[in-house]
């Protein structure tokens, strides 16, 4: 994978910069340069406010309520993804460039890039693009899909930043086979750090997210519980004629925040999981990229990551089933959070 790293320069000094040497710094002035102070953190019991009864004549009225139980929904709130569209006037792929020799000097709080060739920057509001570096990285390609939210299959490239430069966050245009495929925002990547870069949607891999099935029953003699089983079928089809693929399906599994709510993953069976390493790790100096395993694992948000190979012109079915038990007099609700809840 080739990465072309650019910087935009604008100067409004009132005079033109003709044939000058340029150095770009990542330093950012900090208005609040002092360390914040912490106060004392205390904990106390929460006291509910007392509501006085309303006196009207000889009649006392106290607040009342009528409980209502919302309908049970075993699935999370729906999500209607939108597919980005690109203008027919999208920029053409950059031409092949010669090796750019740029020096980078790391100081305590920032990095300074010195551009090898001299540039001319006229004064004004126009931004001028300069090339910081052009590097080629070894990349590992795989497919990922989160079919609950989007049935598009995304081709991902995993690489290690083996250059001497940190890559700072910013917009990036992705080209695959000399055609623009996506516009993304890259996160900051330090030198020697791993990064994942989406290369666009793989149209030759199809995913069908079937309607989920739910089965409800009651169990228990004295303390009756509501028992619900949810089943989700996902079918992946590889339409490529002569190339197998490896794909990771992401599917949420609910997490209980109460000891009275019991959730169990029924299928696939994690206890029988025996992951197989199907690709060698990419090694560069002392850096190693951990590649996905064919098998099942749970991430830190309790989402199921199911990785399988799908042969050319073939399909594979992923059958995911989980159950939930809770007191029948209670109502449960499902919500999505970016972090685990206690």
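In UniProt numbering, the protein residues as written are 1 to 342.
A virtual CB, placed ideally from N, CA and C, is assigned to each residue, including glycine.
task = Could you give the DSSP three-state label for residue 272: helix, strand or coil?
result = helix
message = Beta-carbon within less than 6 Å of residue 144's beta-carbon, same chain only, minus the 5 sequence neighbours each way: which residues are those?
response = 154, 156 and 248
key: Under 9 Å between C-beta atoms of residue 181 and residue 174   = yes
task = State buried or exposed for residue 336, treating a residue as buried only when at least 16 other CB atoms are found within 10 Å of its CB.
result = exposed
ask   = Excluding sequence positions up to five away, which residues of its chain have a Cβ less than 7 Å from the Cβ of residue 184?
value = 172, 174 and 198
inquiry  = Helix, strand or coil, according to DSSP, for residue 9 in the structure here?
reply    = strand
inquiry  = For residue 300, count the other beta carbons within 10 Å of its own beta carbon; 16 or more makes it buried, fewer makes it exposed. Which is it?
reply    = exposed
query = Hey, residue 236 and residue 205 are a contact pair by Cβ (cut 8 Å); roughly how many whole angstroms apart?
reply = 7 Å
key: 4 or more residues per run - each alpha helix (DSSP H) lying fully within the region 171-256   = none
ask   = Looking at C-beta atoms only, is the number of pairs between the region 185-196 and the region 226-235 that lie closer than 8 Å three or more?
value = no
query = Which one of 320, 125 and 133 has the shortest CA to CA distance from residue 254?
reply = 320
query = Which class does residue 318 belong to by DSSP, given the choice of helix, strand or coil?
reply = strand
request  = Go ahead and pull the three-state DSSP assignment for residue 325.
outcome  = strand
Proximity to residue 19 [Cα-Cα], best of 326, 213, 116 and 309 = 116
inquiry  = Quick check on residue 148: buried or exposed, where buried means 16 or more other Cβ atoms within 10 Å of its Cβ?
reply    = buried
query = Is residue 119 helix, strand or coil when you go by DSSP?
reply = strand
query = CA-CA distance, residue 306 and residue 51?
reply = 53 Å
key: Whole-number beta carbon distance between residue 139 and residue 298, since they are thought to touch under 8 Å   = Not really, about 27 Å apart at Cβ, beyond 8 Å.
query = Where does residue 304 land, buried or exposed, given buried means 16+ other C-beta within 10 angstroms?
reply = buried
request  = Whole angstroms is fine: what's the gap from residue 13's alpha carbon to residue 169's?
outcome  = 27 Å
message = For residue 150, list the residues DSSP reports as bridge partners.
response = 146
query = What's the call for residue 178, buried or exposed, on a 16-neighbour Cβ count within 10 Å?
reply = exposed
request  = Classify residue 72 as helix, strand or coil using the three-state DSSP reduction.
outcome  = Its pLDDT being 47, under 50, residue 72 is placed unreliably by the model, and the measurement read from it follows with that caveat. DSSP places residue 72 in coil when its eight states are reduced to three.
key: Anticipated Cβ contact below 8 Å, residue 195 with residue 146, distance rounded   = The Cβ separation is near 19 Å, so there is no contact.
query = For residue 267, which residues from the same chain have a beta carbon less than 6 Å from its beta carbon, with the 5 sequence-adjacent residues on both sides left out?
reply = 319 and 321
inquiry  = Between which residues of its own chain and residue 176 is the CB-CB distance below 7 Å, once the five residues before and five after are set aside?
reply    = 199 and 200
ask   = How would you call residue 135, buried or exposed, if buried means at least 16 neighbouring beta carbons within 10 angstroms?
value = buried
request  = Could you tell me whether the Cβ atoms of residue 112 and residue 23 are closer together than 9 Å?
outcome  = yes
inquiry  = Please give me, in chain order, every unbroken run of the beta strand (DSSP E) with length at least 3 that falls completely inside the region 294-318.
reply    = 295-298 and 303-310
inquiry  = If you reduce the DSSP assignment to three classes, tell me which class residue 108 lands in.
reply    = With a pLDDT of only 46 at residue 108, under the threshold of 50, the placement of this residue in the model should not be trusted; the figure read from the coordinates follows. Three-state DSSP puts residue 108 in coil, outside helix and strand.
Contact under 9 Å by Cβ, residue 216 with residue 224 = no
Closest residue to residue 325 among 6, 129, 227 and 161 (Cα-Cα distance) = 227
ask   = Hey, residue 16 and residue 121: beta-carbon distance below 9 Å or not?
value = yes
key: Cβ-based burial, residue 161 [other Cβ within 10 Å; buried from 16]   = buried
ask   = Which one or two residues does DSSP pair with residue 332 in a beta bridge?
value = In DSSP, residue 332 forms no bridge with anything.
task = Compare the C-alpha of residue 272 against each of 329, 295, 209 and 327 and name the closest.
result = 295
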